[in-house]
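Enquirer: Just so you know, this note's numbering puts 34 at position 24 of the sequence shown, and the rest follows in order with no gaps. The structure that follows is given in the form of structure tokens.
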Amino acid sequence: MFSVGKRTEEDQVNDVTTRLLEKYSGLPAEHVTAAVADAHRHFVTSTVRDYIALLVERRAVANLTSRPTAAP
């Protein structure tokens, strides 16, 4: 059954990318998008998908802030 108004995981992860590109505008966009993509790949085998975007965002932020040139 189709759920009206429910956003896809892809849409949610795209929103994460957009937010992090704004937040880390001092970093190259390629680094930010790569961090999000790497984080998303980490959860590819997860069976529960409801919180993937949140987990991706947390993991990507951890990756970006561990870089010596990270600027929030």
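C-beta atoms are modelled at their ideal positions from N, C-alpha and C, and glycine is treated no differently.
Count the other CB atoms, across all protein chains shown, that sit within 10 Å of the CB of TYR34; report buried if there are 16 or more and exposed otherwise.
Expert: Taking the first residue of the sequence shown as 1, we reach residue 34 at position 24. The residue is buried, with at least 16 neighbouring Cβ atoms inside 10 Å.
Enquirer: Just the C-alpha distance for THR27 and LYS16, rounded to the nearest angstrom, thanks.
Expert: Counting from one through the sequence shown, the residue named residue 27 turns up at place 17. Counting from one through the sequence shown, the residue named residue 16 turns up at place 6. Roughly 19 Å between the two C-alpha positions.
Enquirer: What first and last residue would you give for the alpha helix (DSSP H) that runs through VAL23?
Expert: Here residue 23 refers to the residue found at position 13 of the sequence shown. That run of the alpha helix (DSSP H) goes 19-33.
Enquirer: If you draw a straight line from the alpha carbon of LEU37 to that of ARG51, how long is it in whole angstroms?
Expert: Counted from its first residue, the sequence shown places residue 37 at position 27. Counted from its first residue, the sequence shown places residue 51 at position 41. Taking the straight line joining both Cα atoms gives about 21 Å.
Enquirer: According to the neighbour-count rule (16 or more other Cβ atoms, all chains shown, within 10 Å of its Cβ), is ALA39 buried or exposed?
Expert: In the sequence shown, counting from the first residue as 1, residue 39 sits at position 29. Exposed, because fewer than 16 other Cβ atoms sit within 10 Å of the Cβ of ALA39.
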